[in-house]
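J.:
Residue numbers (this note's numbering): 6 to 160.
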């Protein structure tokens, strides 16, 4: 029987959220957004503070020992592949641009999770990316087209 050291896990989670909160202050703000009530750092601050609070509560509050003996491990590989897919999305975003990278990420994620209605996958991914791009355009937020588009069309 494998027992998890619950306190070590929650302290690690607490440390990760503290680091996340610290580095949220490094997010670049445009000069017109520095005095705004809501800006690019707002949501990361909320996530970081909530994460620190919840991890601290989990560390302090008493709990029963946790055993991995009866846990179904068949979903570990898709979870690891989704983390790898998310990392690849972050790495390819500059090269492919928002539209292409997001579309490929959504389609790959759907396929990885077992969806096999290919027309539905393409339509959903296209609509989601299109609506988000339209929203960003209406809010006048610049989304880089990607290096490949600049190279291809000399933009």
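By construction, the Cβ of each residue, glycine as well, lies at the ideal position given by its N, Cα and C atoms.
Our contact map puts residue 138 next to residue 148 with C-beta atoms below 8 angstroms; I'd like the distance itself, whole angstroms only.
T.: 7 angstroms
J.: Within 10 angstroms of the Cβ of residue 130, are there 16 or more other Cβ atoms? Answer buried if so, exposed if not.
T.: By the beta-carbon neighbour count (other beta carbons within 10 angstroms, threshold 16), residue 130 is buried.
J.: Can you tell me the Cα-Cα spacing of residue 25 and residue 89, whole angstroms?
T.: 20 angstroms
J.: Go ahead and label residue 135 buried or exposed: buried means 16 or more other beta carbons lie within 10 angstroms of its beta carbon, across all protein chains shown.
T.: exposed
J.: Tell me the rounded alpha-carbon separation between residue 123 and residue 108.
T.: 13 angstroms
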